[in-house]
Amino acid sequence: MCDVRRNRSPLALRPSPLAPRPSMETLTINTDKQSLNNVKVGKDVKIFNFVNAYGCSIDDGSKVGAFVEIQKGSTIGKNCKISSHTFICEGVHIEDNVFIGHNVTFINDRFPRATNADGSLQTDADWHVEETRIKKGASLGSSVTVLCGVTVGENSIVGAGSVVLKDVPDNTIVAGNPARVLRAIERL
Ligand SMILES: CC(C)(COP(=O)(O)OP(=O)(O)OC[C@H]1O[C@@H](n2cnc3c(N)ncnc32)[C@H](O)[C@@H]1OP(=O)(O)O)[C@@H](O)C(=O)NCCC(=O)NCCS
321 MCDVRRNRSP LALRPSPLAP RPSMETLTIN TDKQSLNNVK VGKDVKIFNF
371 VNAYGCSIDD GSKVGAFVEI QKGSTIGKNC KISSHTFICE GVHIEDNVFI
421 GHNVTFINDR FPRATNADGS LQTDADWHVE ETRIKKGASL GSSVTVLCGV
471 TVGENSIVGA GSVVLKDVPD NTIVAGNPAR VLRAIERL
């Protein structure tokens, strides 16, 4: 595991005498066990081994398990737990205190194609990102798949193995494929 605040090179530890200390620090660490590039991290963030993260932000107190990929343009709030083997793609916004189980998959391209009609490989210009938001205090069980353009409401829980196709209201448990409401959460 890498406690990113303790594991930096001596050079990276030296603050600029001119710049005020920013609330988040931008990290680039490439070793045989980790690939973190242009990752903004807050205080007390813990990132375990074999994480590939780039161009994203991870706020104070959050933990990221092994074998997680986090793509550019995604954000993780404060005090989140991201369990191992999860894929967080561009356009996914995870608010504070969210639990993401193992092997959770997010989606940002509703109609994916490798190539254009002329056979050329697609680039960023050939498709558009549909954003997804997981609101404060929500939990996604293991192996959940979340389709793009979806919001999971505050404090809601998505059952293990579910496929979420549409918005989940606040304080609600959903499960299944497609995920359907099981019940409201009375008490947190
Ligand atoms: C959804 C969940 C929170 C349970 O909620 P609950 O309200 O206590 O639900 P119950 O166990 O009473 O089950 C209610 C119904 O939902 C079904 N159900 C429960 N979990 C389900 C799931 N993950 N997928 C599909 N159906 C599920 C049950 O079979 C039951 O159906 P029935 O009424 O036809 O018998 C729980 O099953 C779950 O999946 N938790 C996530 C655990 C997880 O992934 N943890 C990650 C860290 S290890």
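Residue numbers for the sequence shown follow this note's numbering, beginning at 321 and rising by one.
Glycine included, every Cβ here is placed at the ideal spot set by N, Cα and C.
Determine, using beta carbons only, whether residue i and residue j come nearer to each other than 9 angstroms.
{"i": "residue 492", "j": "residue 480", "result": "no"}
{"i": "residue 483", "j": "residue 461", "result": "no"}
{"i": "residue 388", "j": "residue 408", "result": "yes"}
So, at 6 angstroms on beta carbons, what are the nonlocal neighbours of residue i in its own chain, with the 5 sequence-adjacent residues on each side left out?
{"i": "residue 362", "result": "344, 379, 380"}
{"i": "residue 469", "result": "450"}
{"i": "residue 447", "result": "429"}
Got a sec? Which residues, its chain only, sit under 7 angstroms from residue i by beta carbon, not counting five neighbours each side?
{"i": "residue 475", "result": "457, 458, 490, 491, 505, 508"}
So, for residue i: in the same chain, excluding its five sequence neighbours on each side, which residues have a beta-carbon less than 8 angstroms away from its beta-carbon?
{"i": "residue 398", "result": "362, 379, 380, 381, 382, 416, 417"}
{"i": "residue 384", "result": "365, 366, 367, 368, 371, 373, 378, 390, 396, 402"}
{"i": "residue 441", "result": "434, 435"}
{"i": "residue 494", "result": "476, 477, 478, 479, 482, 484, 488, 500, 501, 502"}
Measuring only from the beta carbon, is residue i closer than 8 angstroms to any heavy atom that is part of ligand 3?
{"i": "residue 502", "result": "Looking for ligand 3 in the displayed structure turns up nothing; the ligands present are ligand 1."}
Should residue i be labelled buried (16 or more other beta-carbon atoms within 10 Å of its own) or exposed?
{"i": "residue 426", "result": "buried"}
{"i": "residue 455", "result": "buried"}
{"i": "residue 465", "result": "buried"}
Check the Cβ-Cβ distances between residue i and every residue of chain B, and say whether any is below 9 angstroms.
{"i": "residue 367", "result": "The question asks about chain B, but that chain is absent: this structure has only one protein chain."}
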